[in-house]
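Novice: The listed protein sequences derive, respectively, from chains A and B.
Heads up: the first sequence at position 42 corresponds to 42 in my numbering, and the numbers run straight through without jumps.
Here my numbering = 1-based position in the second sequence + 1000.
Cβ atoms here follow ideal geometry from the backbone N, Cα and C, with glycine treated the same way.
Here it is, the structure, as structure tokens.
2 protein chains.
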Amino acid sequence: MIKVKAPLRQDSRGRVLDIIRATEPTSRIELVRETSLTPASITHLVRDLLVQGLVREVGQAESTGGKPRTLLRLNRDSMTAIGVQLGAASVALVAANLAGDIVGRQVLRGVADLDPQVIVAFLADAVAELIDNLGLDRSTIAGIGVAMPGPLDISGGYLRNVSYLENLSGFALADELETATGLPIVIDNDATAAAVGEYWLGTTDRHAAYATVYLATGIGSGLVVNGMPYRGSSSNAGELGHVSVDFRGAECTCGNRGCLELVAAPPVLVERARQAPPSAGLGEISRGNVEDAMSQLGILAARGNEAALTIIRDGAELLACGIVTLVNLFDVDMVVLAGPGFTSCAAIYLEAAQKALDSRTLARGVHTVRVVPSASPRDAAALGAATLALQDKLERKPVAAAKK
Amino acid sequence: MIKVKAPLRQDSRGRVLDIIRATEPTSRIELVRETSLTPASITHLVRDLLVQGLVREVGQAESTGGKPRTLLRLNRDSMTAIGVQLGAASVALVAANLAGDIVGRQVLRGVADLDPQVIVAFLADAVAELIDNLGLDRSTIAGIGVAMPGPLDISGGYLRNVSYLENLSGFALADELETATGLPIVIDNDATAAAVGEYWLGTTDRHAAYATVYLATGIGSGLVVNGMPYRGSSSNAGELGHVSVDFRGAECTCGNRGCLELVAAPPVLVERARQAPPSAGLGEISRGNVEDAMSQLGILAARGNEAALTIIRDGAELLACGIVTLVNLFDVDMVVLAGPGFTSCAAIYLEAAQKALDSRTLARGVHTVRVVPSASPRDAAALGAATLALQDKLERKPVAAAKK
DNA sequence: TAACTTATATTAGTCACTAAACAAAGTGTG
DNA sequence: CACACTTTGTTTAGTGACTAATATAAGTTA
């Protein structure tokens, strides 16, 4: 039986690093207050991080009546990770440092039509090129995170995609990619990756429970509670796109009826725009990539095109309906909107979702739910994947030079 | 700020007790295998439980070629807890021992019309009477668990109901009940309590993620992952009844549209039965308590009454739709059906839900989701509440006679 | 300059757990 | 029936992550 690693972030070193990232420059005392650990423990943990070079001391703060605080900062470039977003329409690569800054970025053609082995070589090349272009030292690279749409199959110890990218079905991607690149690989659902990325970037309260709604070709969502993603029993939690919003609705490829994705996913909205009569002034919508077309539609809406506005608003209203369901079931404090679908029309979606949450969730009398845009809407999944690789690396022990 | 207790069941003593309860009679070696703790640790933990009287040694097993195992059993009656299910239609009290056996039971009138202080006195009397009737030693009583429908307000450190039982809104029930009874009080959502109860009774795999759908006057659900309930940020997670199954549907009192509860809750089904023409042969449906009426309807359906069957089937079909949404979002391994709504027609609901899950969830290719009936459908919430009280007591340290 | 503050480090524990050796109680074999 | 071998459980002496209490360092204020 495969040994499952405990899914709990109680790891103090990681938590301390999270807090430093979110609040730098900071000091040991502030860490004491944030963590409810004792000064002694913080001294220890910080020393550890200093020795590993993940954190630096950068001078002193003004005294507040006693010894001045020693300021601590993340040593941002002491570690980098690569994030790959393997979408249906396109592939995005980012390199992110310890702070979650995107230090390199590259967009590639989609791989839906390629052979698995070709995909591996293609990705390995792209990663190698990115590392070279940035002049990164390979020894400082934590690993590669790959984010992809679900449903995923985790059996056999490694995640394998089982649906969207059909030719990858049953292929042990992580294994092959690890062999091809020599770097540790983490694979996760795109929405989950995006959700973890927001935490890393500090968009969300560290103690909050929140969901990230990820709008790309499909509609997904990821949940984070206390800094730990909720993945469900097979890493397929949060499939918002296949929540039914109409029990008498049309049948979906997934087998369900009235799925949100059938009425509110970008391809549907874009198609509606393409079908519009010329008089609507939507002629300019691109025939190519869905993400680009969605983006154009959003821009038209922002410019005041009524037809575009109506299409987006209808989509936003339906998505809001799904978000209300999500909140009634998960009872989160915050919802983050992420993914390429939001790049040009986030405001419309934000407003619709916020309005729905303020008037239609069951627990709205107990607490409000805030809707916020992602700190990095377009690259949320890729960046999130990179942060997953960082997190994975940081969770393992310092490996004090395998001495004896 | 209120200190929040860590929501993680990593407490080994509790886990060991869980395993003994589920697999008794068992032995230390088996515990070693189940927990992946070392023999040394198990020796320690079991000694602890023996000293506290929660567990007994009961002879030996057959040898398997070496020293025979010393068999361990729960000391069932060394601890008892009271569970109260504060429903809209009725109040149920149970007393449960360490094994989750119901050792006493009492059903009371509903309290929706009473004054808060009167409710407290009423409950305190009922609890005292139950304890006396059973001849229980007060010192062995772990506490009282109260399960009630949401939404709940946890602010101020104590849960207070904010909706269904309107006269309890804003009333610090836990505080008052503790004063009146002298016993520690735990309050939780009815569906969450029911879910924890199933775990306690061993209906579910200890490692599985599962949801309990609780059908009473409303429709709720509770989620348990690795033995720990998921409550969301304000203990209002799992409100399945207010998941919208029709975005164009009628407006619900909760503010949302097309809520599942509007079309599939027992009061709705019962009302439909009452409106049926006399020719349908449904004349016998009681005018009183919704739960009784629902039960009668189920019995008529089981006897083959077509009209009753149709009403229940329609309800089951709609509930199944909500359950598919629940599973697509939470990605659980198992769904347990609990609550008074299922008592007489569980089979119809089970079949509808299982069929829907087998054909309509997104991750069905990755793993199947089993639907099972509760081990104690009618008393699931009350029993669950009792187990919450037990769990709460057991999680605190032995309290070695406040010396010094 | 002494007295107070505030920030950090050290020391000596505690707690939950483990590794390794040991003891106890059976079975099988020559 | 003595001896090896299994299997189960215990003991002893740790380890790692944390804390409480005390010490030290580096400022400010009276």
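#1: Determine, using beta carbons only, whether Val1091/B and Gly1083/B come nearer to each other than 7 Å.
#2: When you check each C-beta in the region 1185-1209 of chain B against every C-beta of chain A, which residues fall closer than 8 Å?
#3: Take every Cβ of the region 1182-1200 of chain B, pair it with every Cβ of the region 1137-1152 of chain B, and state whether three or more of those distances are shorter than 8 Å.
#4: Please report the straight-line C-alpha distance between Thr1343/B and Trp200/A, rounded to a whole angstrom.
#5: Rounded to a whole number of angstroms, what is the C-alpha to C-alpha distance between Gly170/A and Ala1208/B?
#6: When the Cα of Ala211/A is compared with those of Val118/A, Gly238/A, Thr140/A, which residue comes out closest?
#7: Looking at the secondary structure, which residues open and close the alpha helix (DSSP H) in which Leu1114/B lies?
#8: Secondary structure at Asp379/A, three-state DSSP: helix, strand or coil?
#9: State the start and end residues of the unbroken alpha helix (DSSP H) segment that holds Val327/A.
#10: What residues from the region 362-375 of chain A come within 8 Å of chain B, judged by C-beta to C-beta, listed N to C?
#11: Looking only at C-alpha atoms, which of Ser244/A, Arg73/A, Leu134/A, Lys67/A sits nearest to Leu1260/B?
#12: Compare the C-beta of Glu1178/B against all C-beta atoms of chain A and say whether one is closer than 7 Å.
#13: Looking at chain B, is there any beta carbon in it that lies within less than 7 Å of the beta carbon of Pro151/A?
#14: Below 7 Å on C-beta distance, what does Thr325/A contact in chain B?
#15: Going by C-alpha distance, which of Ala1353/B, Leu1300/B, Gly1182/B, Gln1391/B is nearest Asp1125/B?
#16: Any beta carbon from chain A within less than 7 Å of Glu1239/B's own beta carbon?
#17: Could you run through the region 328-351 of chain A and flag, in chain order, every residue whose CB is less than 8 Å away from some CB of chain B?
#18: Measure the C-alpha to C-alpha separation of Asp132/A and Arg21/A and round it to an integer number of angstroms.
#19: Kindly list, in the order they appear in chain B, the residues whose Cβ is closer than 9 Å to that of Ser279/A.
#20: Taking one C-beta from the region 288-301 of chain A and one from the region 338-356 of chain A each time, how about it: are there three or more such pairs within less than 8 Å?
#21: Once the 5 residues before and after Ile246/A are set aside, which same chain residues still bring their CB inside 6 Å of it?
#22: My guess is that Tyr1230/B and Leu1223/B are in contact by the Cβ rule of under 8 Å, so how many angstroms apart are they, rounded?
#23: With a threshold of 7 Å between beta carbons, is Gly255/A in contact with chain B?
#24: Could you tell me how far apart the beta carbons of Val372/A and Val332/A are, in whole angstroms, since I believe they sit closer than 8 Å?
#25: Could I get the ranges of all uninterrupted alpha helix (DSSP H) runs contained in the region 1241-1309 of chain B, with 4 residues as the minimum, in chain order?
#26: Can you name, in chain order, every residue of its own chain whose Cβ lies under 7 Å from the Cβ of Val1270/B, other than the five neighbours on each side?
#27: From the DSSP output, which residues share a beta bridge with Ile418/A?
#28: Mind pulling the chain B residues with CB within less than 9 Å of Ser359/A?
#29: What's the call for Gly1100/B, buried or exposed, on a 16-neighbour Cβ count within 10 Å?
#30: Please determine, among Leu71/A, Glu30/A, Asn328/A, Thr204/A, the residue with the shortest C-alpha to C-alpha distance to Leu337/A.
#31: Of the residues that make up the region 1216-1235 of chain B, which ones have a beta carbon closer than 9 Å to any beta carbon in chain A?
#32: Quick one, are the C-beta atoms of Thr1070/B and Glu1057/B less than 7 Å apart?
#33: Between Asn305/A and the rest of its own chain, which residues show a CB-CB distance below 6 Å, the 5 nearest in sequence each way excluded?
#34: Suppose contacts are defined by Cβ-Cβ distances below 7 Å. Is Asn328/A in contact with His1242/B by that definition?
#35: Compute the Euclidean distance between the alpha carbons of Arg1015/B and Thr1043/B, then round it to the nearest angstrom.
#36: With distance defined between alpha-carbon atoms, name the residue in Gly1087/B, Ile1029/B, Val1032/B nearest to Gly1220/B.
Specialist: So, from the data block:
#1: To locate residue 1091/B, count along the second sequence from 1; it is residue 91. To locate residue 1083/B, count along the second sequence from 1; it is residue 83. Cβ distance not < 7 Å, so Val1091/B and Gly1083/B don't count as in contact.
#2: Only Ala1208, Ala1209 from the region 1185-1209 of chain B bring a Cβ to less than 8 Å from some Cβ of chain A.
#3: Enough Cβ pairs lie closer than 8 Å, so yes.
#4: The residue you call residue 1343/B lines up with position 343 of the second sequence. The residue you call residue 200/A lines up with position 200 of the first sequence. Cα-Cα distance, rounded: 47 Å.
#5: Here residue 170/A refers to the residue found at position 170 when the first sequence is read from its first residue. Here residue 1208/B refers to the residue found at position 208 when the second sequence is read from its first residue. If I take the Cα positions, the gap works out to 24 Å.
#6: As a first step, residue 211/A is located in the first sequence; it is residue number 211 there, counting from the start. The shortest C-alpha to C-alpha distance from Ala211/A to any of Val118/A, Gly238/A, Thr140/A is the one to Gly238/A.
#7: Here the question's residue 1114/B lines up with position 114 in the second sequence. For Leu1114/B, there is no enclosing alpha helix (DSSP H), as DSSP marks it with neither H nor E.
#8: As a working mapping, residue 379/A is identified with position 379 in the first sequence. Three-state DSSP puts Asp379/A in coil, outside helix and strand.
#9: Counted from its first residue, the first sequence places residue 327/A at position 327. If you look at Val327/A, you'll find it in the alpha helix (DSSP H) that goes 306-330.
#10: Under the 8 Å Cβ criterion, the region 362-375 of chain A contributes Leu362, Ala363, Arg364, Gly365, Val366, His367.
#11: Locating residue 1260/B in the second sequence gives position 260, counting from the first residue. If we check each option's Cα against that of Leu1260/B, Ser244/A comes out closest.
#12: For the purposes of this step, residue 1178/B is identified with residue 178 of the second sequence, where counting begins at 1. With a threshold of 7 Å between beta carbons, Glu1178/B makes no contact with chain A.
#13: On the first sequence, residue 151/A is found 151 positions in, with the first residue counted as 1. Residue contact with chain B for Pro151/A: present (Cβ-Cβ distance below 7 Å to some residue of chain B).
#14: Here residue 325/A refers to the residue found at position 325 when the first sequence is read from its first residue. Chain B residues near Thr325/A: Val1243, Ser1244, Thr1325.
#15: As a first step, residue 1125/B must be located in the second sequence, where it is residue number 125. Cα-wise, what sits closest to Asp1125/B is Gly1182/B.
#16: One-based indexing of the second sequence puts residue 1239/B at position 239. Answer yes: the Cβ-Cβ gap between Glu1239/B and chain A drops below 7 Å somewhere.
#17: Taking 8 Å as the Cβ-Cβ cut-off against chain B, the residues of the region 328-351 of chain A that qualify are Asn328, Leu329, Phe330, Asp331, Val332, Asp333.
#18: Reading the first sequence from its first residue, position 132 is the one you call residue 132/A. Reading the first sequence from its first residue, position 21 is the one you call residue 21/A. Near 27 Å, if we compare the C-alpha coordinates of Arg21/A and Asp132/A.
#19: As a position in the first sequence, residue 279/A is number 279, starting the count at 1. Under the 9 Å cutoff, chain B gives no residues; its nearest Cβ is about 28 Å from Ser279/A.
#20: Yes, the region 288-301 of chain A is in contact with the region 338-356 of chain A.
#21: Here residue 246/A corresponds to residue number 246 of the first sequence, with the count starting at 1. A small fix is needed here, since residue 246/A is Asp in this sequence, not Ile. Counting only Cβ-Cβ distances below 6 Å, and skipping sequence neighbours, we find Gly258.
#22: Residue 1230/B sits at position 230 when you count from the first residue of the second sequence. Residue 1223/B sits at position 223 when you count from the first residue of the second sequence. Taking 8 Å as the upper bound for CB-CB distance, Tyr1230/B and Leu1223/B are in contact here, some 4 Å apart.
#23: Translated into positions along the first sequence, residue 255/A becomes position 255. Among the CB atoms of chain B, one or more fall inside 7 Å of the CB of Gly255/A.
#24: For this step, residue 372/A is matched to residue 372 along the first sequence. For this step, residue 332/A is matched to residue 332 along the first sequence. With 8 Å as the limit, Val372/A and Val332/A do not qualify as a contact, their Cβ atoms being about 12 Å apart.
#25: Complete alpha helix (DSSP H) runs here, min 4: 1260-1264, 1266-1275, 1290-1302.
#26: Within the second sequence, numbered from 1, the residue matching residue 1270/B stands at position 270. Ile1285, Val1290, Ala1293, Met1294, Leu1297.
#27: Outside the displayed range of chain A (1 to 404) lies residue 418/A, so it cannot be described from this structure.
#28: In the first sequence, the residue the question calls residue 359/A occupies position 359. Going along chain B in sequence order, the residues near Ser359/A (Cβ under 9 Å) are Gly1255, Asn1256.
#29: Residue numbering aside, residue 1100/B sits at position 100 when the second sequence is read from its first letter. Counting Cβ neighbours within 10 Å, Gly1100/B comes out buried, since at least 16 surround it.
#30: Against the first sequence, residue 337/A aligns to sequence position 337. For Leu337/A, the nearest C-alpha among the options comes from Thr204/A.
#31: Flagged, chain order: Ser1221, Leu1223, Val1225, Asn1226, Tyr1230, Arg1231, Gly1232, Ser1233, Ser1234, Ser1235.
#32: Taking the second sequence and counting its residues from 1, one reaches residue 1070/B at position 70. Taking the second sequence and counting its residues from 1, one reaches residue 1057/B at position 57. Yes, Cβ-Cβ distance for Thr1070/B and Glu1057/B is below 7 Å.
#33: Translated into the one-based positions of the first sequence, residue 305/A becomes position 305. Here the set comprises Gly281.
#34: Counting from one through the first sequence, the residue named residue 328/A turns up at place 328. Counting from one through the second sequence, the residue named residue 1242/B turns up at place 242. Yes, they are a contact pair.
#35: Translated into positions along the second sequence, residue 1015/B becomes position 15. Translated into positions along the second sequence, residue 1043/B becomes position 43. Note on geometry: alpha-carbon atoms of Arg1015/B and Thr1043/B lie some 14 Å from one another.
#36: Start at 1 with the first residue of the second sequence, and residue 1220/B comes out as number 220. The shortest Cα separation from Gly1220/B among Gly1087/B, Ile1029/B, Val1032/B belongs to Gly1087/B.
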